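Chemist:
There are 2 protein chains.
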Amino acid sequence: MTKYVYSFTEGNKDMKDLLGGKGANLAEMTNLGLPVPPGFTITTDACRSYLNLGATPESLDVEVTAQLRAVEQQMGKTLGAAEDPLLVSVRSGAKFSMPGMMETVLNIGLNDESVEGLAAKSGNDRFAWDSYRRLIQMFGKTVLDIDGEHFSKPIEELQHTKGYAGDLDMTTEDLKELVAQFKDVVLRDTGKPFPQDPREQMDLAIEAVFRSWNTDRAAIYRRRERIPNDIGTAVNICTMVFGNMGDKSGTGVCFTRDPSTGHSGVYGDYLVNAQGEDVVAGIRNTLSLADLEKLDKKCYDELVGIMHKLETHYRDLCDIEFTIEEGKLWMLQTRVGKRTAGAAFRVAAQLVDERLITQDEAVTRVTGDQLTALLFPQFDKDADKTIISRGMAASPGAAVGEIVLNNEQAIERTNAGASVVLVRRETNPDDLAGMVAATGVLTARGGKTSHAAVVARGMGRCCVVGAEDLVVDEAAGTVDVKSTGKQFKRGDIIAIDGTTGEIFEGNVPVVDSPVMTYISHGLEAGLAASPDDATKELVEAVDRILTRADSKRHLLVRANADNPEDARRAREFGAQGIGLCRTEHMFLGDRRQLIENVILADTEDERQEAFDALTPLQKGDFEGIFEAMDGRPVTVRLIDPPLHEFLPDLTEMSIKLALKTERGEEITAHEKKVMAAVRANHEQNPMLGLRGVRLGLKIPGLFSLQIRAIAEAYVACKQKGLDPQPEIMVPLIGSVRELQIVRDEATEIFKEVSEASGVEVDLPVGNMIELPRAAMTAEDIAKESDFFSFGTNDLTQTTWGFSRDDVEASFFNEYFDAGVFGISPFETIDIHGVGALVKEGVARGRSAKPELHCGVCGEHGGDPTSIHFFDSVGLDYVSCSPFRVPIARLEAGRAAISNDVA
Amino acid sequence: MTKYVYSFTEGNKDMKDLLGGKGANLAEMTNLGLPVPPGFTITTDACRSYLNLGATPESLDVEVTAQLRAVEQQMGKTLGAAEDPLLVSVRSGAKFSMPGMMETVLNIGLNDESVEGLAAKSGNDRFAWDSYRRLIQMFGKTVLDIDGEHFSKPIEELQHTKGYAGDLDMTTEDLKELVAQFKDVVLRDTGKPFPQDPREQMDLAIEAVFRSWNTDRAAIYRRRERIPNDIGTAVNICTMVFGNMGDKSGTGVCFTRDPSTGHSGVYGDYLVNAQGEDVVAGIRNTLSLADLEKLDKKCYDELVGIMHKLETHYRDLCDIEFTIEEGKLWMLQTRVGKRTAGAAFRVAAQLVDERLITQDEAVTRVTGDQLTALLFPQFDKDADKTIISRGMAASPGAAVGEIVLNNEQAIERTNAGASVVLVRRETNPDDLAGMVAATGVLTARGGKTSHAAVVARGMGRCCVVGAEDLVVDEAAGTVDVKSTGKQFKRGDIIAIDGTTGEIFEGNVPVVDSPVMTYISHGLEAGLAASPDDATKELVEAVDRILTRADSKRHLLVRANADNPEDARRAREFGAQGIGLCRTEHMFLGDRRQLIENVILADTEDERQEAFDALTPLQKGDFEGIFEAMDGRPVTVRLIDPPLHEFLPDLTEMSIKLALKTERGEEITAHEKKVMAAVRANHEQNPMLGLRGVRLGLKIPGLFSLQIRAIAEAYVACKQKGLDPQPEIMVPLIGSVRELQIVRDEATEIFKEVSEASGVEVDLPVGNMIELPRAAMTAEDIAKESDFFSFGTNDLTQTTWGFSRDDVEASFFNEYFDAGVFGISPFETIDIHGVGALVKEGVARGRSAKPELHCGVCGEHGGDPTSIHFFDSVGLDYVSCSPFRVPIARLEAGRAAISNDVA
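Now the structure itself:
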C-alpha cells in the first residue's frame with residue numbers, strides 16, 4: 001500500500017517530489033536535530049490521487065490519525081482539547097515554490113471550548129480569541145469558499161462604530177462578538193455551523209489545500225513559471241508556535257550570507273511580538289538581527305549556530321523563517337535562498353573562494369536565464385516610472401523611443417536620428433525593416449513564439465508581445481489603452497521592458513550592462529565598463545563561471561546567422577561556427593524580382609538567365625559570411641520555403657483583379673502571368689508542400705545555383721589566403737535518395753569549379769533531420785550524409801501534427817489549461833515525443849556512421865532545458881541565435897557537468 | 001571478394017535476386033539435366049556496381065574469362081574462332097520480367113573471319129552472312145547507339161532497287177554487300193570500325209545491357225509495374241543455337257497445361273526453320289505441338305517428357321521456349337507462366353485437385369488484384385470499340401452513359417432514367433452528389449490518389465482520371481480531345497474502362513460479373529449467374545480459395561462505412577464490422593446550416609441550441625448503422641476535419657464582398673458574421689491545425705453531442721432487442737492527456753444515459769494513431785485507450801511531411817522519376833518509414849497493455865502489399881472501403897500463410 005504520510009523525522013531534503021520543498025526541508029532540519037515544531041507531511045501522491053478521484057485515498061485518514069497521535073504524545077497535548085489544546089497549521093508545499101498561490105490555515109484545533117483552554121494556558125484572553133477569530137475567518141474563506149467580504153465587512157463596521165485605528169485596538173469582548181458574528185456567517189452561507197470537531201477542521205483544511213492546486217491563479221502561475229501541471233502539492237501539518245505571545249516572543253526571516261553579494265555574514269529581520277504574516281505585511285518596522293542579540297542573546301546565539309550548520313549542510317545560501325515563543329527558538333522553514341541574477345553569480349564565486357563548493361558546482365548554481373538577465377540594458381531601478389500597461393516579456397532588454405506604427409515611419413525617424421519603438425497589432429515578415437530600425441518592438445497580439453517574439457529574440461531586439469490592452473490603429477496613428485482610456489500618438493515617447501513585459505510612459509533612464517561588454521570584448525573591457533566594485537566582482541564571477549563552463553562542455557555552440565554582421569557578432573559572443581545560414585532571406589528586397597523571374601520563366605533559357613543573374617549575388621553573400629567566420633564552419637542551408645512566399649497573396653491578388661475587371665480596367669499580361677503563378681503555386685498546406693529538397697528536385701538548376709555560389713565563394717576566400725569552411729545542408733530530407741541526388745549534383749559542381757579555378761573543392765554535404773521519416777530511416781541517410789542537423793522546429797510540427805503558424809493562436813491556451821503540455825513544445829523540446837525521434841535519429845545515424853557529426857539548429861538550440869537534453873543524447877553542437885550564444889555556452893557546461901555525474 | 005559470375009550449373013531457381021528470373025531458371029533446368037546450351041550469368045550485383053560507379057567491377061573481367069573458357073571447353077569451340085566458331089547471345093534478365101524493355105544481342109563472336117568458318121561448318125553461306133548482318137545491325141543499334149534508320153534504310157533501298165518482296169529474297173551476295181555497308185555506317189557514326197575482337201564484342205554488349213536498365217522506357221515500365229528502380233538486371237551469356245538452319249530446325253513456345261482453364265494437356269506453337277524472334281513477330285503461321293509429333297517424334301517425346309518434369313518440379317503451370325537445331329532439342333527458357341485473373345483461380349484449383357499443391361499454396365497462387373479484376377463488369381471483348389483517349393485506371397469497372405458536366409445535370413438525367421458519366425476537370429467534395437448519381441467518373445486532371453479516384457474507389461464506382469488529352473468546358477457543355485480535335489457534347493454517349501483507363505465513343509456492351517454475384521449472394525447465386533461451365537468452374541475456384549483464405553487469416557476485415565446502405569453492402573461482402581464510421585459526412589447537405597450555427601454562435605446558449613438540434617439527427621444516423629451492422633463492432637470516429645470546411649472559401653468570399661462593396665451593395669449582417677468566422681477559422685495549414693481531438697477540447701460540447709448520440713442510439717437498439725457494438729474513436733491524438741479528457745467526458749455521459757434509460761452503457765473508447773508522436777508515446781496512450789486504429793493516411797502525411805492535397809499533383813512525378821519512391825506512399829504503405837512507426841506504435845502500446853486491439857483504417861487497409869505488412873506486425877484487423885473487403889480477405893489469408901511460413 002502506498003504510504004501517504006511522513007513524519008518530519010522520516011523525510012529528507014531530497015524527497016521534494018514526494019514531500020514538496022517545504023516538507024522535505026522541515027524533515028531535513030528535524031533530522032539535523034534543529035528545533036522544528038513536531039509535525040508531518042501528506043505526500044503529493046495523496047494530492048494527485050485526490051485530484052484524479054475527487055476524494056482522498058481511503059488509507060490517508062488512518063495514516064493521519066497515527067501521525068497526529070504521535071505528535072500529540074510528543075507535545076503532551078491533544079488536538080483541540082478543552083485544556084491546553086494542541087493547535088496545528090495546515091500549509092501547502094509543492095516541489096516548486098509557488099508563493100501565495102495556494103492555501104494555508106492556521107490555528108486548527110480551536111473551538112468554543114479549546115479557545116478557553118488556550119486563554120487559560122497562555123494567560124492571554126485576547127490572544128486566544130483573536131486566534132479563534134482568525135481561524136474562522138481563514139477557514140471560512142479558504143475551506144468553505146465564503147466570500148471574504150462577509151468577514152472583513154463586520155470588522156470594518158466594528159472599527160468604524162467604535163472609532164478604532166486598527167486591529168490592535170480591538171478588545172477581547174470585540175473579538176468574542178466577531179467570533180459570534182463569523183459563526184453566523186458560516187451557518188448562513190453554508191447551511192451548517194462552523195465545525196467544532198478539531199479533526200474535522202483538519203481534514204477539511206487538507207482537502208482545501210489539495211483543491212487549491214487547481215485554482216485559476218495557481219494554474220496561470222505554473223504556466224508562467226513552467227511548473228508541470230500534474231505534480232500536485234504536499235500538505236504540511238505542523239504544531240503551532242506563537243511569536244505573538246508577548247515581548248519575549250517574535251518572528252523573523254534571515255539569510256546565511258549577504259543575498260546580493262554572497263559575502264559571508266548574518267543578515268535578516270526580526271519583529272517582536274508578531275507572527276510571520278506580520279513581517280511580510282510590513283505593518284511595523286523590523287529590527288535587524290543584530291538587535292536580536294541585544295534582546296535575547298541565548299536565542300540569537302542558537303540561531304547563528306543553526307545558520308552556520310544549515311549553510312555547511314546545504315553548501316549554499318539558505319533563507320530561514322523562525323519564531324521565538326516566549327524565549328524558545330523554533331525553526332519554521334528553510335530553503336536554498338532565492339536570489340537575483342547578479343547575486344547568483346557572485347554567491348557561487350564566493351562559495352568557491354571559501355572552498356564550500358567546487359568550480360563545477362559553481363557552474364550548476366547559475367542558469368542561462370540568469371545570465372540572460374545580466375546581458376541586457378535595464379531600466380534604472382530608482383527612476384520614477386508610470387506604467388501604461390503590460391504584455392508578455394518576449395525578448396529581454398529595455399527600449400525607449402518614439403512610437404512608430406510601420407516600416408516607413410520607423411526608417412524615416414531613425415534616419416532623422418530618433419530612437420523608435422515599433423508598435424503593431426502583430427508583425428509579419430514584411431515588418432522586418434521596421435524591426436531592424438527600431439530599438440524595441442511592441443505588439444498587441446501574439447505569444448512568446450509569435451513572429452515578433454521569434455524574430456526579435458533572433459536579433460537581440462527588446463520585445464513585448466500580446467499587450468492585449470492596447471488597440472493599435474495604424475491609419476489614425478494612435479495607440480489606445482482599453483482599460484484606462486488613455487491614448488498615445490505616433491511620436492509619443494514610451495519605454496518597454498523586455499524582461500518584465502512592462503510598458504511605461506515617457507522616457508525612463510536605461511543602464512547599460514557591463515556583463516555584455518565583457519561577453520563581447522573580454523574581461524578587461526568588462527571591468528573597465530563596471531561602475532563600481534560590486535559590478536567588477538560580478539563581471540569577474542561571470543567570467544570565472546563561463547570559462548569553467550566552456551572548459552567542461554561537450555557541446556560546441558554555433559550561431560544561426562545569415563549575414564556578415566550577425567556572423568561577426570556571433571563570433572564575439574563565442575560562437576564556434578555558424579550552424580544555420582538561411583539563404584532565403586538573401587532573395588528578399590531588391591532580389592525578389594529575380595526570384596520572381598525564376599518562377600515565371602516560360603522556358604529553360606529564361607530560367608537559366610534568372611539563375612545567372614542570381615549566382616554572383618549569392619556568391620557575394622557567402623564570401624562575406626565565410627570571411628566573417630574565417631576558420632570556423634559555416635553550415636549553409638539551401639533554399640527552404642515554398643515559392644509562393646516570393647509571390648503575392650492569393651486572396652489579395654484575386655480581389656485586386658476582380659475589382660479591376662469590375663471597373664473595366666485592363667489586366668496586364670504581367671498581372672495575368674503572376675496570377676497564374678500564384679494559383680499554380682498555391683497550396684492547401686504549404687508547410688507540407690513543395691519546399692526544401694523538393695524544390696531542388698522540381699526546379700532543376702535552383703540548388704545548383706546555390707551550390708555553385710558556395711563553391712565559388714569558397715574558392716575566392718581560399719585565393720585571398722583565408723580558411724573558409726562551408727558545409728552544405730539540404731533541408732527537408734525524408735529519404736536517402738533525395739540526398740543522393742543533391743550530393744551527385746554537388747559533386748559535379750565541385751569538380752567543375754575545381755577545374756575552372758585550380759583550387760580543390762570538396763565540401764561536406766549533410767542534411768536537416770526535420771521529418772519523422774528522416775529520423776526513422778537515419779541509418780540509410782547517414783550513408784550519404786556528412787552531418788545531421790536536427791531541425792526541431794519542423795520536427796515538432798510534423799511529430800505533433802500542428803503548424804506553428806496556426807495552432808499557437810488557436811488552441812494552445814486550451815492545451816495549457818487542460819495540462820496537455822506545461823510549456824509550448826516550440827519553446828522547450830518535447831523530450832518524450834519529439835525528443836524520442838531525435839534520439840532515434842542520432843542512434844540510427846551513428847549505427848551506420850559512428851563518427852557522424854550531429855547538431856541542432858533553431859529555437860531549441862538556445863533553450864536551457866533543451867540543451868540539457870541535447871547533451872544527454874550526445875549531439876555535437878547546438879546552434880542558436882547570436883544573442884543566445886553565451887547562454888548556450890553556460891547551459892552546455894551545466895548540462896555536461898550534471899549529465900556526467902548522472 | 002564478391003562473386004559476379006555464375007555458371008548455369010551453379011545457380012538455382014531461388015536465386016532470382018542475384019541471377020534474375022531468366023538466369024535462375026536456366027540454372028535450374030541445367031541442374032535438372034535438361035538440354036540447356038551452356039552458358040553463365042553475370043549477377044545483378046555487377047549491374048548495380050556498374051550503375052553506381054559507371055564502370056564494370058574490376059574482377060568481373062577475370063571471372064568472365066574463366067566461365068567463357070569453361071563453355072568453350074565444353075563445346076569444343078572457341079568464341080569467334082576462324083573455324084567452327086562459338087557464338088553466344090547476350091541477354092538481359094531482371095528479377096521481374098520486363099518484356100522488350102532491355103537489350104539483347106545475338107550472334108556475338110561473328111567477324112570477317114568467323115563468318116566464313118560458320119558458313120563452312122553449317123554449309124550454309126546465306127545463313128552465316130545473314131547472321132553477321134544481323135549482329136552488326138543489332139550491335140550498332142543497341143551497343144553503339146547508332147540510329148536504327150542508318151541500318152534499315154540500306155535494306156529498304158536494296159530491296160526496292162532489286163524489287164524484292166522481303167528479307168528472304170535477299171541473296172548471300174546482297175547480305176555481304178549489306179555487311180560492308182553496315183561496317184561503313186559504324187565507322188562513320190562512331191569514328192571506329194566495327195569491333196572484330198569477339199571478346200570486345202561481348203564486353204561491350206554486357207555493358208550495354210547494364211546501361212539499358214536505366215533507359216526512359218524501362219524506368220517508366222518499372223514505375224507502372226511497381227518494380228523497384230534499384231535492383232538492376234542480370235546478364236545471361238548463352239551458347240547460340242539456331243532454329244533457322246533448315247527444315248530439321250525450328251523453334252517453339254509451349255505451356256505445361258491449358259493456360260486459361262488449368263486443365264492438363266500439352267499446349268504450344270512451333271515454327272519450322274525459324275528463330276524465336278520470328279514466332280513473336282508472327283510472320284508465318286505456326287503449327288501446333290501436335291504437328292511437331294509428326295515432324296520429329298524423337299524431339300516431341302523428349303519435349304513432352306521435359307514439360308512433365310518441369311511442371312512436377314515447379315508445381316505450377318510453366319511456359320517454355322525451345323529450339324530444335326538440326327534434330328537436337330534445346331531448352332532456352334522456362335518460367336512460371338503468366339495467366340489471366342480467371343485462369344489464375346482455375347489453375348490453382350485444378351492443381352489442388354491433382355494433389356500437386358496444397359490448399360494453402362492455392363491461396364498464395366492468386367492475388368487480390370486478380371480477384372479485383374473478376375469483380376467488376378467488363379466491356380464485351382468482342383464488341384467493336386472506337387477509342388477516344390486514355391487516362392489512368394483509377395477504379396475498376398466498365399461504365400457507359402451520357403456525358404454530364406456537373407451535379408445538377410447528373411441528378412436531372414439520372415432521375416429521368418438515363419445512365420450518366422460525370423466528366424470534370426477534377427472533382428472536389430462538392431461533386432459528391434454527381435458522383436453518386438453517375439455510373440462512372442472521368443476527370444482530365446489528377447492521379448490515382450486524387451479526390452475523384454479515392455472517392456470512386458470507396459463507392460466502387462468506375463473511374464478514369466488524368467485524361468490530360470481532354471479539355472472540359474462546363475459552361476459550354478463540351479469536352480474537346482486535344483490530340484484529335486474531336487468534340488463531344490453534353491448528352492453524347494461515352495464508355496470508360498476503369499480497369500484499363502480507356503475511353504470509348506458511343507455505347508459499348510457490358511458483361512456482368514458472376515464472381516461479384518457469388519461474393520454478394522453466395523455460391524449458389526454465383527453458379528446460377530454463370531453463363532457457361534467455364535465460368536461455373538471459375539466461381540467454384542474463387543469460392544474454394546476465398547473460403548480457405550478466410551479460414552487461415554489472422555486479420556479481421558472490417559469496412560469503412562458512414563451510412564446504413566454502405567454498412568449493409570460491406571456486410572454482404574464479408575465485413576466483420578465497421579472499422580471507420582466517419583461522422584463529418586453527416587454534417588453536410590441540409591445539416592450544414594446547423595453546424596454553421598455552432599460555429600457562428602455568439603453565446604454558450606446559442607451554441608447549445610445548435611447542439612440540441614443536431615443530437616437527435618446524429619442519434620438517428622447511428623441507430624441506422626448499428627442496426628445494419630447488428631452484432632458486429634462499429635467504430636465511430638468523432639468529428640475530425642477543420643471547421644472551415646463547413647464555411648465558404650476565404651478567397652471566394654473575399655472577392656464576393658469586395659465586389660459588393662465596389663458596387664455599393666449592402667453587406668448583410670449575416671454575411672459580415674460569416675466573413676468574420678471564415679477569417680477567424682482560416683489556417684495557413686489546416687491539415688496541421690484545429691481539427692480532430694483539438695476541436696473537442698476547443699469547443700466544449702461538440703464531442704459530447706456526438707458521444708451522447710452514440711450512447712442513446714446504443715440504448716435504442718438495445719431496447720429493440722438488437723446487439724449494437726459501438727466503439728468510440730478519438731481522432732488525432734498526440735498525447736495521452738487529450739484522450740484522458742475525452743474519456744472522462746464520455747464516462748460522464750455514459751453514466752447519465754445509463755441512469756436516464758436504465759440500460760447499462762459502458763462503451764469502449766479508443767483512438768487513432770495517426771501522428772508520429774502518438775506512435776512514439778503509445779505506451780502512455782495505451783493506458784487510457786481500449787483500442788488503437790492506425791490512420792496511415794495522416795501518418796504518412798506527417799511522417800513524410802507532405803500533404804496529399806498538394807504534393808501528388810506538384811512533385812510526385814519528379815519523385816517517381818528520381819526513384820525516391822516506386823509507388824505513392826499513399827497507395828502502398830511506406831514500410832521502411834511509416835511502417836517503422838506503426839511497428840513502434842503496436843509494440844509500445846502492447847508493452848503497456850498486451851491485449852490491446854490494434855487495427856488500421858484508410859486506403860492502405862485495402863492494399864495487398866500493405867495488408868501483408870499489417871499481418872506481419874500483428875495488427876488485429878484492417879478496415880477498407882466495402883468494395884475492397886473481398887480483396888482484403890484474400891490478401892489477409894495469403895499474408896497469414898506466407899508470414900506463418902517465414
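As you go down the protein sequences, you meet chains A and B in turn. The numbers in the UniProt record's numbering rise by one with no breaks, and the one at position 897 of the first sequence is 897. The numbers in the UniProt record's numbering rise by one with no breaks, and the one at position 434 of the second sequence is 434. C-beta atoms are modelled at their ideal positions from N, C-alpha and C, and glycine is treated no differently. For clarity, every value in this text was computed on a predicted model and none was experimentally measured.
Is Ile655 (chain A) close to chain B, meaning its C-beta is less than 9 angstroms from at least one C-beta of that chain?
Modeler: For this step, residue 655 (chain A) is matched to residue 655 along the first sequence. Contact with chain B is found for Ile655 (chain A), since one of that chain's Cβ atoms lies less than 9 angstroms from the residue's Cβ.
Chemist: By DSSP's criteria, Ala559 (chain A) is part of a beta bridge. Which residues make up the other side?
Modeler: Reading the first sequence from its first residue, position 559 is the one you call residue 559 (chain A). Looking at the DSSP assignment, Ala559 (chain A) forms a beta bridge with A:Ile578 and A:Cys880.
Chemist: If you drop the 5 nearest sequence neighbours on each side, which residues of the same chain put their C-beta closer than 6 angstroms to that of Gly835 (chain A)?
Modeler: Along the first sequence, one-based indexing puts residue 835 (chain A) at 835. Excluding positions up to five away in sequence, the list reads Ile829 and Phe869.
Chemist: Measuring CA to CA, which of B:Thr172, B:Ser152, B:Ala205 and B:Asp203 is closest to Val185 (chain B)?
Modeler: Numbered from 1 along the second sequence, position 185 holds the residue referred to as residue 185 (chain B). Among B:Thr172, B:Ser152, B:Ala205 and B:Asp203, the Cα nearest to that of Val185 (chain B) belongs to B:Ser152.
Chemist: So Gly701 (chain B) and Gln608 (chain B) are in contact, right, with Cβ under 8 angstroms, and what is the actual spacing, rounded?
Modeler: Mapped onto the second sequence, residue 701 (chain B) falls at position 701. Mapped onto the second sequence, residue 608 (chain B) falls at position 608. Gly701 (chain B) to Gln608 (chain B), Cβ: 7 angstroms. Contact.
Chemist: Please classify Tyr4 (chain B): does DSSP put it in a helix, a strand, or coil?
Modeler: In the second sequence, the residue the question calls residue 4 (chain B) occupies position 4. Reduced to three states, the DSSP call for Tyr4 (chain B) is coil.
Chemist: Can you grab the Cα-Cα spacing for the pair Trp330 (chain B) / Val241 (chain B), in whole Å?
Modeler: Locating residue 330 (chain B) in the second sequence gives position 330, counting from the first residue. Locating residue 241 (chain B) in the second sequence gives position 241, counting from the first residue. Going from the Cα of Trp330 (chain B) to the Cα of Val241 (chain B) covers about 8 angstroms.
Chemist: Exposed or buried, which one is Leu187 (chain B) when buried takes at least 16 other CB atoms within 10 Å?
Modeler: Residue mapping note: residue 187 (chain B) aligns to position 187 of the second sequence, counting from 1. Classification for Leu187 (chain B): exposed.
Chemist: Leaving aside the five residues before and after Ala525 (chain A) along the sequence, list all residues of the same chain whose C-beta is less than 8 angstroms from its C-beta, in chain order.
Modeler: Numbered from its first residue, the first sequence carries residue 525 (chain A) at position 525. For Ala525 (chain A), where only same-chain residues beyond five positions count, the Cβ hits under 8 angstroms are Thr517 and Tyr518.
Chemist: Expressed to the nearest angstrom, what Euclidean distance is found between the alpha-carbon atoms of Thr2 (chain A) and Asp230 (chain A)?
Modeler: As a position in the first sequence, residue 2 (chain A) is number 2, starting the count at 1. As a position in the first sequence, residue 230 (chain A) is number 230, starting the count at 1. If I take the Cα positions, the gap works out to 18 angstroms.
Chemist: Alpha carbon to alpha carbon, what distance is there between Ala895 (chain B) and Pro772 (chain A)?
Modeler: Walking along the first sequence from the start, residue 772 (chain A) turns up at place 772. Walking along the second sequence from the start, residue 895 (chain B) turns up at place 895. Going from the Cα of Pro772 (chain A) to the Cα of Ala895 (chain B) covers about 28 angstroms.
Chemist: Does the segment 371-380 of chain B come close enough to the segment 346-356 of chain B to have 3 or more Cβ pairs within less than 8 angstroms?
Modeler: no
Chemist: Suppose you measure from the CA of Arg582 (chain A) to the CA of Ile707 (chain B); what does that come to, to the nearest Å?
Modeler: To locate residue 582 (chain A), count along the first sequence from 1; it is residue 582. To locate residue 707 (chain B), count along the second sequence from 1; it is residue 707. Distance between the alpha carbons of Arg582 (chain A) and Ile707 (chain B): 48 angstroms.
Chemist: Should Asp473 (chain A) be labelled buried (16 or more other beta-carbon atoms within 10 Å of its own) or exposed?
Modeler: As a position in the first sequence, residue 473 (chain A) is number 473, starting the count at 1. The residue is exposed, with fewer than 16 neighbouring Cβ atoms inside 10 Å.
Chemist: Check whether chain B comes within 9 angstroms of Thr828 (chain A), counting only Cβ atoms and requiring the distance to be less than that.
Modeler: In the first sequence, the residue the question calls residue 828 (chain A) occupies position 828. Not an interface residue.
Chemist: Shortest alpha-carbon distance to Gly397 (chain A) belongs to which of A:Ser389, A:Thr439, A:Thr364 and A:Arg425?
Modeler: Working through the first sequence from its first residue, we reach residue 397 (chain A) at position 397. Among A:Ser389, A:Thr439, A:Thr364 and A:Arg425, the Cα nearest to that of Gly397 (chain A) is on A:Thr439.
Chemist: Do you know offhand how far Arg222 (chain B)'s Cα is from Leu739 (chain B)'s?
Modeler: For the purposes of this step, residue 222 (chain B) is taken as residue 222 along the second sequence, with counting starting at 1. For the purposes of this step, residue 739 (chain B) is taken as residue 739 along the second sequence, with counting starting at 1. Rounded to the nearest angstrom, the two C-alpha atoms are 44 angstroms apart.
Chemist: Interface residues of chain B around Asn685 (chain A) at Cβ under 7 angstroms?
Modeler: Here residue 685 (chain A) refers to the residue found at position 685 when the first sequence is read from its first residue. By Cβ distance, chain B contributes Asn685, Pro686, Met687, Leu688, Ser803, Asp805 and Asp806.
Chemist: Which residues of chain A have a Cβ atom closer than 7 angstroms to the Cβ of Arg694 (chain B), listed in chain order?
Modeler: Sequence index remark: in the second sequence, residue 694 (chain B) carries index 694 (1-based). Within chain A, the residues near Arg694 (chain B) are Phe811.
Chemist: Please tell me whether Met776 (chain A) has its Cβ less than 9 angstroms away from any Cβ of chain B.
Modeler: Position 776 of the first sequence, counted from the first residue, corresponds to residue 776 (chain A). Met776 (chain A) belongs to the set of residues whose beta carbon lies under 9 angstroms from a beta carbon in chain B.
Chemist: How about Phe821 (chain B): is its C-beta nearer than 9 angstroms to some C-beta of chain A?
Modeler: For this step, residue 821 (chain B) is matched to residue 821 along the second sequence. Yes, because at least one Cβ of chain A sits closer than 9 angstroms to the Cβ of Phe821 (chain B).
Chemist: Under 8 angstroms by Cβ, that's how I've got Val511 (chain A) and Ala495 (chain A) pegged, so tell me the actual separation to the nearest angstrom.
Modeler: Within the first sequence, numbered from 1, the residue matching residue 511 (chain A) stands at position 511. Within the first sequence, numbered from 1, the residue matching residue 495 (chain A) stands at position 495. Rounded, the Cβ-Cβ distance is 13 angstroms, inconsistent with contact.
Chemist: Here's the rule: buried if 16 or more other CB atoms are within 10 angstroms of the residue's CB, otherwise exposed. What is Arg743 (chain A)?
Modeler: On the first sequence, residue 743 (chain A) is found 743 positions in, with the first residue counted as 1. Arg743 (chain A) should be labelled buried.
Chemist: Let me make sure I understand the geometry here. Which of B:Leu763, B:Gly368, B:Gly100 and B:Arg365 has the alpha-carbon closest to that of Asp216 (chain B)?
Modeler: One-based indexing of the second sequence puts residue 216 (chain B) at position 216. Scanning B:Leu763, B:Gly368, B:Gly100 and B:Arg365 for the CA closest to the CA of Asp216 (chain B) turns up B:Gly100.
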